[in-house]
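Below: the structure, in structure tokens.
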Amino acid sequence: MKKYLTIDIGGTFIKYSIMEENYRVLEEGSIPTKKEPELFLTQLTTLAVEHKEKVDGIAVCIAGFINPQTGENTDFSVGEHFRAYNLKEELERISGLAVTIENDSNCAALGEMVVGAGRDYKDICLLTIGTGIGGAIVIDGHLWRGSHFKAGEAGLMRLGGENSEYAGATSVLVKRVSKVAGKTVDGPYVFEHLLEPEIAAVYQDWLEKLSAVVGNMAMLLDPQVVLIGGGICQEPRFIRDLKAKVYELYPHLLEYTEIKGCETGNQAGRIGALALHKEEMI
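The numbering of the sequence shown is the numbering used here, which starts it at 4 and goes up by one.
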């Protein structure tokens, strides 16, 4: 069975796996992401060189407006290290292997469609809630990238005069609760202290703004399901609270648009990237 090096390039960590073509993970690891462009490139080329003799291809997901044919990243909102080099060209040159590269949210949507919460649907919106808000759109089982590879970028929409990712991102919730608590807190702290009125008020305000993003995407695109990803989905009550608020704001959606948490965790992007790679190699 063929094996592949799959790489999920994040702002904090570069996570990688050796996967079989059936998406079974044989080994995996992670390294902190370097911000200096040359060091960042060296991290990735080193991974490719270390594994090139035991894999049949490389599949990469990364934040940005990615042209999957050329590998060019034209996103103005990501760090310079994500844009300074054409990673597809560099990794193919150093490894001699075929390389597929795609936007991380797009890959996450495909990963969920292949083996996760989206496997029973053909029309999907995915929103990843984290430091910002990422998004992806699948129509009739295929990615909709848009004319300039910018489709699905929900975090760049305006909501009440501000970018929606600055209203509904998890990082915003944590920052606001930290201010109320008078100390730096994390996501679990928020959910452990929701009985405190001030924290509950911050959470409800944040939840309403995020629900507007979810509802607006559902209204605009009319998908069968909106999938919600990000570490916050590990909090048992979050998806329940989000669904209740979305259906409160947009009650008609209850009849025809489902809202579900993602199931494949931090492997979603790598699974989706591999699915794309296999499709390209046919």
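Built from N, CA and C at the ideal position, the CB exists for glycine as well.
Nearest to D11 by alpha-carbon distance, out of N269, V102, E238, is N269. Within the same chain, E201, I202, V205 come within 7 Å of V183 by CB-CB distance, once the 5 residues on both sides are set aside. Every alpha helix (DSSP H) stretch that sits fully inside the region 235 to 269 and reaches 4 residues is listed by chain position as 239 to 252. In this model, L100 and K125 are separated by some 31 Å (Cα to Cα). Looking at the DSSP output, N76 bridges to I69. Rounded to whole angstroms, the Cβ separation of D59 and K18 is 20 Å, and the two are not in contact under 8 Å. Our two residues, T131 and T173, have alpha carbons roughly 10 Å apart in a direct line.
In the three-state scheme derived from DSSP, where H, G and I count as helix and E and B as strand, T45 is classed as helix. Across the set V118, G144, R122, N109, the C-alpha of N109 shows the shortest separation from the C-alpha of L129.
A contact between stretches requires three or more CB pairs, one per stretch, nearer than 8 Å, and the region 231 to 247 meets this requirement with the region 187 to 200. Bounds of the beta strand (DSSP E) holding M22 are 16 to 23. A Cβ-Cβ separation of about 6 Å places G67 in contact with F85 under the 8 Å criterion. Rounded to whole angstroms, the Cβ separation of M116 and R273 is 14 Å, and the two are not in contact under 8 Å. The beta carbon of I231 lies closer than 6 Å to those of L130, G264 in the same chain, with the five residues before and after it left out. Taking one beta carbon from each stretch, the region 147 to 154 and the region 240 to 251 have fewer than 3 pairs nearer than 8 Å; the two do not touch. Under the criterion of beta carbons closer than 8 Å, A276 and V63 qualify as touching, at roughly 6 Å. H54 sits buried, since 16 or more C-beta atoms from the chains shown fall within 10 Å of its C-beta. If the five residues before and after G121 are omitted, its C-beta is found closer than 6 Å to the C-beta atoms of E115, I127, L230, all from its own chain and listed in chain order.
Taking C-beta separations shorter than 7 Å and ignoring five residues to either side along the sequence, the partners of V177 in its chain run V188, D189, G190, V193, following chain order. Straight-line spacing of the CA atoms in A111 and T49 works out to 25 Å. For A62, the beta-bridge partners assigned by DSSP are T9, T103.
DSSP, reduced to helix, strand and coil, places E156 outside both helices and strands of the structure shown, so it counts as coil. T131 is bridged by DSSP to G137, G232.
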